[in-house]
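Participant:
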Amino acid sequence: MVPTLSHTKIQSQNIILLGFGFVLGLVILASLSLGAFQIPFPQTLAILFDQIGISVGTFEVQQENVLIQIRVPRVLMAMLVGGGLGISGAALQGLFRNPLVEPGLIGVSSGAALFAVIFMVLVPAASALVWIKAVGLPLFAFVGGLIHVLAVYYLSKTQGKTDSATLILAGVAINALAASLIGLVLFFADDSALRSFTFWSLGDLGGATWSKIPVALTLIAAPTFLLLFNTKQLNALALGEQEAFHMGVNVQQVKLRLLICSALVVGVGVSMVGMIGFVGLVVPHLIRILFGADHRLVLPGSFLLGAILLNFADLIARLIVIPAEMPIGVITALVGAPFFIWLIFNLNKSRN
Amino acid sequence: MLKASKVHFCIRQRPIVAEVTLELHPGEIMAILGPNGAGKSTFFKLLSGEIKCKHGAVAYNGHDIQKLKSKELAEVRAVMPQHSQLNFPFTAQEVVELGLISCQSKHPSNLVKEVMEITNTTHLKDQLFNHLSGGEKQRVQLARVLVQIWEPKPFPRYLLLDEPTSSLDIAQQHGVLKVLQSLKARNIGVLVILHELNLAAQYADKIALLKNGVVAKIGKVSEVLEEEILAHVFDHPIQLIHNPVTGGVLIAAAAQVNQTIPTFKQA
Numbered sequence: 002m003v004p005t006l007s008h009t010k011i012q013s014q015n016i017i018l019l020g021f022g023f024v025l026g027l028v029i030l031a032s033l034s035l036g037a038f039q040i041p042f043p044q045t046l047a048i049l050f051d052q053i054g055i056s057v058g059t060f061e062v063q064q065e066n067v068l069i070q071i072r073v074p075r076v077l078m079a080m081l082v083g084g085g086l087g088i089s090g091a092a093l094q095g096l097f098r099n100p101l102v103e104p105g106l107i108g109v110s111s112g113a114a115l116f117a118v119i120f121m122v123l124v125p126a127a128s129a130l131v132w133i134k135a136v137g138l139p140l141f142a143f144v145g146g147l148i149h150v151l152a153v154y155y156l157s158k159t160q161g162k163t164d165s166a167t168l169i170l171a172g173v174a175i176n177a178l179a180a181s182l183i184g185l186v187l188f189f190a191d192d193s194a195l196r197s198f199t200f201w202s203l204g205d206l207g208g209a210t211w212s213k214i215p216v217a218l219t220l221i222a223a224p225t226f227l228l229l230f231n232t233k234q235l236n237a238l239a240l241g242e243q244e245a246f247h248m249g250v251n252v253q254q255v256k257l258r259l260l261i262c263s264a265l266v267v268g269v270g271v272s273m274v275g276m277i278g279f280v281g282l283v284v285p286h287l288i289r290i291l292f293g294a295d296h297r298l299v300l301p302g303s304f305l306l307g308a309i310l311l312n313f314a315d316l317i318a319r320l321i322v323i324p325a326e327m328p329i330g331v332i333t334a335l336v337g338a339p340f341f342i343w344l345i346f347n348l349n350k351s352r353n
Numbered sequence: 058m059l060k061a062s063k064v065h066f067c068i069r070q071r072p073i074v075a076e077v078t079l080e081l082h083p084g085e086i087m088a089i090l091g092p093n094g095a096g097k098s099t100f101f102k103l104l105s106g107e108i109k110c111k112h113g114a115v116a117y118n119g120h121d122i123q124k125l126k127s128k129e130l131a132e133v134r135a136v137m138p139q140h141s142q143l144n145f146p147f148t149a150q151e152v153v154e155l156g157l158i159s160c161q162s163k164h165p166s167n168l169v170k171e172v173m174e175i176t177n178t179t180h181l182k183d184q185l186f187n188h189l190s191g192g193e194k195q196r197v198q199l200a201r202v203l204v205q206i207w208e209p210k211p212f213p214r215y216l217l218l219d220e221p222t223s224s225l226d227i228a229q230q231h232g233v234l235k236v237l238q239s240l241k242a243r244n245i246g247v248l249v250i251l252h253e254l255n256l257a258a259q260y261a262d263k264i265a266l267l268k269n270g271v272v273a274k275i276g277k278v279s280e281v282l283e284e285e286i287l288a289h290v291f292d293h294p295i296q297l298i299h300n301p302v303t304g305g306v307l308i309a310a311a312a313q314v315n316q317t318i319p320t321f322k323q324a
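Here the protein sequences come in this chain order: X and Z. When we follow this note's numbering, the leftmost residue of the first sequence carries the number 2, and every step to the right adds one. When we follow this note's numbering, the leftmost residue of the second sequence carries the number 58, and every step to the right adds one.
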């Protein structure tokens with residue numbers, strides 16, 4: 002059979018995704034072996050294979066401990082959070098029909114942060130119920146993120162589409178409000194709550210341990226997976242909400258699903274590693290500029306590229322000031338902010 | 058059959074569409090004509106299901122529109138709105154393929170290809186939608202809505218279009234209406250809002266004249282196209298001229314009758 006046009010398109014999209022997967026693998030491997038404590042590549046591979054019972058080389062116990070106890074959960078967390086920020090950025094941009102949308106910019110992150118701080122202050126650090134803290138904090142952060150994204154969505158929507166100026170202003174206002182409320186809550190915090198806030202607000206992956214991975218896996222990976230099933234609906238929404246309805250999309254249901262999933266991914270991510278800006282903005286744009294706007298590619302591509310970028314940023318953060326660590330938010334903002342300025346500049350140019 | 062019975066819609070007690078009743082049969086082209094602000098677009102949205110009527114009912118093939126899910130509705134009717142804006146770099150072909158979302162076609166790529174040939178958009182397929190001219194965009198949108206209802210189904214389908222020819226030149230206007238005419242054979246009923254009276258006269262089977270939210274006249278083209286009714290609906294004297302070549306009628310704006318000027322002064 003002669004391959005039809007859409008078949009070749011799907012094939013090339015799959016090849017692109019495979020390419021991203023390959024690059025992600027390389028970055029992860031580099032991230033696992035480089036750092037203050039170097040583990041050569043052969044040993045890294047040997048340790049990994051040893052975990053699944055295949056012996057391919059020798060290594061020291063210390064190397065195994067560093068890799069398995071410190072590096073692997075960290076890389077997993079960077080992958081989940083970075084990928085989650087990327088895909089939820091893509092989904093939110095599609096939902097708002099606005100390329101300037103970013104989880105940090107429109108207040109999802111600050112809402113999550115505010116509620117996370119409230120939780121840290123309300124629930125004493127020495128609480129005996131460890132599992133309440135492990136699950137409660139991410140869920141609380143999710144609620145905060147959801148409230149903020151709903152508020153911004155309804156504030157900035159006029160006649161079925163979001164106006165960029167109102168959107169940014171609503172985001173600024175909501176972010177300012179959240180920042181002041183965080184300050185207010187911290188005013189009442191005790192020493193141990195303050196300390197855990199300081200650690201967390203630095204926005205680095207240093208706190209990623211195996212104990213956090215199960216919650217992160219369920220609360221980030223599951224909604225991410227759900228988002229992947231909305232490619233057709235997001236494509237239809239790009240043309241307009243009414244048009245999507247004409248084409249048979251249950252718009253209200255899809256909107257609700259996208260908002261909840263995105264807020265869950267971002268909120269839980271923020272509660273795990275703090276606020277990491279600009280990944281959700283830059284990643285979907287890069288994919289669209291390079292490979293077009295079809296969400297069948299944009300959604301999974303944003304996850305993979307987000308995971309690549311955050312792992313890469315984490316690697317840099319660990320390498321440039323050895324043996325100390327740079328907060329990862331510094332790196333992403335350093336790259337992301339100029340990109341954002343370039344984006345605004347180009348949007349204005351294309352309009353005139 | 059697409060049936061609207063006594064549909065009513067008002068904003069702040071003021072009726073925009075008042076008790077409008079009409080029937081659209083498959084294999085029929087009905088043109089909706091009327092001056093600006095007559096309630097055409099609101100009526101159109103009531104029919105497409107975008108807004109709900111205060112009272113009255115809209116039914117597709119005997120099924121009440123309120124009871125149909127958006128997906129079921131999309132299988133029965135396709136809608137082409139006046140303007141659609143895209144903020145992301147989709148190609149023309151990707152826009153056309155959006156029409157496939159709720160049609161379970163076995164040969165989607167053939168379907169898209171066929172429709173793009175008919176709408177004369179094949180050469181645009183790899184271009185970005187936002188880089189197209191206004192007329193090209195409208196043809197791509199037409200292709201998208203055609204894809205949605207193109208394939209034969211055991212039930213009749215309907216196509217609703219809101220001024221599909223507004224940014225097209227004369228050749229393309231006729232091209233589009235000829236495409237609409239060819240849909241008759243596919244068991245599709247077409248309802249189209251037009252501004253150009255002559256296009257309606259030439260291609261429609263039935264015409265509904267709307268004024269102030271009320272149907273001024275509905276019926277076959279020859280029944281509706283009368284100088285007096287048209288002049289009343291559009292508030293402008295209108296002349297029907299016999300076309301010696303086709304045998305049809307040409308609608309032209311007549312010179313303003315002098316009488317109208319004194320009435321202004323009296324008022």
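We put the CB at the ideal spot given by N, CA and C, even for glycine. None of these values were measured; they are calculated from a predicted model.
Could you check whether the Cβ of Gln-14 of chain X sits closer than 8 angstroms to any Cβ belonging to chain Z?
Facilitator: To locate residue 14 of chain X, count along the first sequence from 1; it is residue 13. Taking Cβ atoms only, chain Z never reaches closer than 8 angstroms to Gln-14 of chain X, which makes this a no.
Participant: Since Val-204 of chain Z contacts Gly-156 of chain Z with CB under 8 angstroms, what's their CB separation in whole angstroms?
Facilitator: Here the question's residue 204 of chain Z lines up with position 147 in the second sequence. Here the question's residue 156 of chain Z lines up with position 99 in the second sequence. With a Cβ gap of about 3 angstroms, Val-204 of chain Z and Gly-156 of chain Z count as contacting.
Participant: Any beta-carbon of chain Z closer than 8 angstroms to the one on Gln-52 of chain X?
Facilitator: As a first step, residue 52 of chain X must be located in the first sequence, where it is residue number 51. Judged by the 8 angstroms Cβ criterion, Gln-52 of chain X is not in contact with chain Z.
Participant: Using a Cβ cut-off of 8 angstroms, which residues of the stretch 100–118 of chain Z contact any Cβ in chain X, in chain order?
Facilitator: Listed by position, the residues of the stretch 100–118 of chain Z near chain X (Cβ gap below 8 angstroms) are Ser-105, Gly-106 and Glu-107.
Participant: Grouping DSSP H, G and I as helix and E and B as strand, with all else coil, what is Ser-62 of chain Z?
Facilitator: Sequence index remark: in the second sequence, residue 62 of chain Z carries index 5 (1-based). It is a strand residue.
Participant: Does the structure place the stretch 49–56 of chain X close enough to the stretch 251–266 of chain X that three or more beta carbon pairs sit under 8 angstroms?
Facilitator: Flag = no, the stretch 251–266 of chain X and the stretch 49–56 of chain X do not touch.
Participant: Residues in its own chain within less than 6 angstroms of Ala-324 of chain Z by CB, not counting five upstream and five downstream?
Facilitator: In the second sequence, residue 324 of chain Z corresponds to position 267, counting from 1. Residue confidence is low: Ala-324 of chain Z scores 43 on pLDDT, short of 50, so the model does not pin down where it sits. Its coordinate-derived value is still stated next. If we look at Ala-324 of chain Z and ignore the five residues flanking it on each side, it has no Cβ neighbours.
Participant: Answer yes or no: does any C-beta atom of chain Z fall closer than 8 angstroms to that of Arg-258 of chain X?
Facilitator: Stepping through the first sequence from its first residue, residue 258 of chain X is reached at position 257. No, Arg-258 of chain X lies away from the interface with chain Z (no Cβ there is under 8 angstroms from its Cβ).
Participant: Starting from the beta carbon of Val-1 of chain X, find every residue of chain Z whose beta carbon is closer than 9 angstroms, and list them in chain order.
Facilitator: Because chain X spans 2 through 353 in this model, residue 1 of chain X falls outside it and cannot be assessed.
Participant: Please report the distance separating the alpha-carbon of Leu-181 of chain Z from that of Ala-149 of chain Z.
Facilitator: Your numbering for residue 181 of chain Z matches position 124 in the second sequence. Your numbering for residue 149 of chain Z matches position 92 in the second sequence. Using only the alpha carbons, I get a separation of about 6 angstroms.
Participant: Report yes if the C-beta distance between Leu-257 of chain X and Gly-172 of chain X is below 8 angstroms; otherwise report no.
Facilitator: As a position in the first sequence, residue 257 of chain X is number 256, starting the count at 1. As a position in the first sequence, residue 172 of chain X is number 171, starting the count at 1. No. Outside cutoff.
Participant: Can you grab the Cα-Cα spacing for the pair Gly-95 of chain X / Asn-144 of chain Z, in whole Å?
Facilitator: For this step, residue 95 of chain X is matched to residue 94 along the first sequence. For this step, residue 144 of chain Z is matched to residue 87 along the second sequence. Gly-95 of chain X and Asn-144 of chain Z: Cα-Cα distance of roughly 9 angstroms.
Participant: Specify the secondary structure class of Leu-143 of chain Z as computed by DSSP and reduced to three states.
Facilitator: In the second sequence, residue 143 of chain Z corresponds to position 86, counting from 1. Note: Leu-143 of chain Z maps to coil in three-state DSSP.
Participant: Here's a check: name, in chain order, each residue in its chain whose Cβ is nearer than 6 angstroms to the Cβ of Pro-72 of chain Z, leaving out the five neighbours to either side.
Facilitator: The residue you call residue 72 of chain Z lines up with position 15 of the second sequence. Excluding sequence neighbours, Pro-72 of chain Z sits near Gly-270.
Participant: Going along the chain, which residues of the stretch 135–149 of chain Z sit with their C-beta nearer than 8 angstroms to a C-beta in chain X?
Facilitator: Taking 8 angstroms as the Cβ-Cβ cut-off against chain X, the residues of the stretch 135–149 of chain Z that qualify are Ala-135, Val-136, Pro-138, Ser-141, Gln-142, Leu-143, Asn-144, Phe-145, Pro-146, Phe-147 and Thr-148.
Participant: Give the interface partners of Gln-195 of chain Z over in chain X, defined as CB-CB distance under 7 angstroms, in chain order.
Facilitator: Sequence index remark: in the second sequence, residue 195 of chain Z carries index 138 (1-based). Within chain X, no residue comes near Gln-195 of chain Z; the closest Cβ sits about 14 angstroms away, beyond 7 angstroms.
Participant: List the endpoints of the continuous alpha helix (DSSP H) containing Leu-238 of chain X.
Facilitator: Translated into the one-based positions of the first sequence, residue 238 of chain X becomes position 237. Segment 232–239, the alpha helix (DSSP H) holding Leu-238 of chain X.
Participant: Closer than 7 angstroms by C-beta to Leu-310 of chain X: which residues in its own chain qualify, once you throw out the five before and the five after it? Chain order, please.
Facilitator: Here residue 310 of chain X corresponds to residue number 309 of the first sequence, with the count starting at 1. Cβ neighbours of Leu-310 of chain X beyond the five flanking positions: Gly-83, Val-280 and Val-284.
Participant: Near Ala-79 of chain X, which residues of its chain fall below 6 angstroms by C-beta distance, leaving aside the five closest residues on each side in sequence?
Facilitator: Start at 1 with the first residue of the first sequence, and residue 79 of chain X comes out as number 78. Same-chain partners within the cutoff: Leu-206, Leu-311, Asn-312 and Asp-315.
Participant: Excluding sequence positions up to five away, which residues of its chain have a Cβ less than 8 angstroms from the Cβ of Met-121 of chain X?
Facilitator: To locate residue 121 of chain X, count along the first sequence from 1; it is residue 120. Within the same chain, Met-121 of chain X has close Cβ partners Leu-138, Ala-190, Ala-194, Ser-197, Phe-198 and Trp-201.
Participant: Just to confirm, are Leu-90 of chain Z and Leu-254 of chain Z a CB contact at a threshold of 8 angstroms?
Facilitator: By one-based count along the second sequence, residue 90 of chain Z stands at place 33. By one-based count along the second sequence, residue 254 of chain Z stands at place 197. Cβ atoms of Leu-90 of chain Z and Leu-254 of chain Z: closer than 8 angstroms.
Participant: Expressed to the nearest angstrom, what Euclidean distance is found between the alpha-carbon atoms of Gly-330 of chain X and Thr-222 of chain Z?
Facilitator: Taking the first residue of the first sequence as 1, we reach residue 330 of chain X at position 329. Taking the first residue of the second sequence as 1, we reach residue 222 of chain Z at position 165. Those two C-alpha atoms are separated by around 52 angstroms.
Participant: Determine the DSSP secondary structure at Thr-78 of chain Z, reduced to helix, strand or coil.
Facilitator: Position 21 of the second sequence, counting from 1, holds the residue named residue 78 of chain Z. Strand, per DSSP.
Participant: Under 7 angstroms between beta-carbons, which chain Z residues line up against Lys-233 of chain X? List them in chain order, please.
Facilitator: Within the first sequence, the letter at position 232 stands for residue 233 of chain X. Ile-158, listed in chain order.
Participant: Report the rounded CA-to-CA distance for Leu-151 of chain X versus Glu-65 of chain X, giving the unit in angstroms.
Facilitator: Along the first sequence, read from residue 1 onward, the residue named residue 151 of chain X stands at position 150. Along the first sequence, read from residue 1 onward, the residue named residue 65 of chain X stands at position 64. So the two alpha carbons sit approximately 45 angstroms from each other.
Participant: Any beta carbon from chain Z within less than 8 angstroms of Asn-347 of chain X's own beta carbon?
Facilitator: As a working note, residue 347 of chain X is residue 346 in the first sequence. Cβ-Cβ to chain Z under 8 angstroms: no for Asn-347 of chain X.
Participant: By the criterion of Cβ-Cβ separation under 7 angstroms, what are the contact partners of Glu-244 of chain X in chain Z?
Facilitator: Your numbering for residue 244 of chain X matches position 243 in the first sequence. Going along chain Z in sequence order, the residues near Glu-244 of chain X (Cβ under 7 angstroms) are Pro-138 and Ser-141.
Participant: What is the rounded straight-line gap between the Cα of Thr-303 of chain Z and the Cα of Glu-85 of chain Z?
Facilitator: As a working mapping, residue 303 of chain Z is identified with position 246 in the second sequence. As a working mapping, residue 85 of chain Z is identified with position 28 in the second sequence. Roughly 21 angstroms separates the two Cα atoms.
Participant: Please determine, among X:Gly-208, X:Gly-184, X:Ala-179 and X:Cys-262, the residue with the shortest C-alpha to C-alpha distance to Thr-219 of chain X.
Facilitator: The count along the first sequence starts at 1 and reaches residue 219 of chain X at position 218. With distances taken between Cα atoms, Thr-219 of chain X lies closest to X:Cys-262.
Participant: Consult DSSP for His-299 of chain Z and reduce its assignment to one of helix, strand or coil.
Facilitator: The residue labelled residue 299 of chain Z in the question sits at position 242 within the second sequence. Note: His-299 of chain Z maps to strand in three-state DSSP.
Participant: Using 8 angstroms as the threshold, is the C-beta distance between Asp-121 of chain Z and Ala-114 of chain Z below it?
Facilitator: As a position in the second sequence, residue 121 of chain Z is number 64, starting the count at 1. As a position in the second sequence, residue 114 of chain Z is number 57, starting the count at 1. Going by C-beta atoms, Asp-121 of chain Z is nearer than 8 angstroms to Ala-114 of chain Z.
Participant: Does DSSP put His-252 of chain Z in a helix, in a strand, or in coil?
Facilitator: Stepping through the second sequence from its first residue, residue 252 of chain Z is reached at position 195. Coil at His-252 of chain Z, not helix or strand.
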